[in-house]
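Numbering (this note's numbering), first residue to last: 412 to 634.
As structure tokens, then:
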């Protein structure tokens, strides 16, 4: 019985040793480059050729101006939009419809804590989180529905809007008109939904942005 047990132990030990000494299988070959997923191509927004216009409305009228774009990147894959991130320079806010002291007064107010708190929050960010191509979009019309995170004053909310985005002769263009409810970013000054009995001094909650972007491949944009 002892001899049998000894034989089993020896056989087991030999078996284990033999298993450990089995040569490993040949390493996997690298995936051919033609099958590797291509990274989306980044296009850098050219601030000098791009424009963002804001419109704010109130009971007695409206004001408009511009916001500068500090930087931006749009991602494409074979001409199809794949993503993007944009940094707005809130310190660059201007007013186009007032002159002199009235202009300065409004711009200073927009930069104050009543509105965009620019000293504390000099930039705003929009980052695309989802894209829905519009099937059979006509030439000159919106061909995507863009959804993304808009961060103003350190507060982030999601917005969606239609946009026309194209690449032609190595230049990308994007045009869109969108509206966002400023109160969701804690900008409640003279909002009729938060203050009573303000009559014709009320300012509408929706802020409109008209966006016209030009972007070029990174190497070209740096020239």
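Positions of the beta carbon are idealized from the N, C-alpha and C atoms, including for glycine.
Could you give the DSSP three-state label for residue i: helix, strand or coil?
{"i": "residue 455", "result": "strand"}
{"i": "residue 580", "result": "coil"}
{"i": "residue 559", "result": "strand"}
{"i": "residue 597", "result": "coil"}
{"i": "residue 380", "result": "This structure does not reach residue 380, given that the chain is present from 412 up to 634, and the question cannot be answered."}
{"i": "residue 612", "result": "helix"}
{"i": "residue 604", "result": "coil"}
{"i": "residue 550", "result": "coil"}
{"i": "residue 564", "result": "coil"}
{"i": "residue 586", "result": "strand"}
Taking residue i and residue j to be in contact with their CB atoms under 8 Å, please state how far apart those CB atoms are, rounded to whole angstroms.
{"i": "residue 479", "j": "residue 508", "result": "Wrong, their Cβ atoms sit about 18 Å apart, outside the cutoff."}
{"i": "residue 469", "j": "residue 615", "result": "6 Å"}
{"i": "residue 456", "j": "residue 613", "result": "About 35 Å; that fails the 8 Å criterion."}
{"i": "residue 485", "j": "residue 454", "result": "5 Å"}
Out of curiosity, what's the CA-to-CA distance linking residue i and residue j?
{"i": "residue 516", "j": "residue 580", "result": "44 Å"}
{"i": "residue 618", "j": "residue 487", "result": "29 Å"}
{"i": "residue 540", "j": "residue 559", "result": "5 Å"}
{"i": "residue 557", "j": "residue 596", "result": "20 Å"}
{"i": "residue 434", "j": "residue 451", "result": "Low local confidence applies: a pLDDT of 36 at residue 434 is under 50, so the model's placement there is unreliable, with the coordinate-based value given in what follows. If you take the alpha carbons of residue 434 and residue 451, they lie about 41 Å apart."}
{"i": "residue 514", "j": "residue 462", "result": "20 Å"}
{"i": "residue 577", "j": "residue 609", "result": "45 Å"}
Original post:
Residue ranges of each alpha helix (DSSP H) run of no fewer than 4 residues wholly in the region 451 to 537, ordered along the chain?
Top reply: DSSP runs (the alpha helix (DSSP H)) wholly in the region 451 to 537: 511 to 522.
Subject >> Touch test, the region 542 to 555 against the region 515 to 531, Cβ-Cβ under 8 Å, three pairs minimum >> reply: At 8 Å Cβ cutoff, the stretches do not touch.
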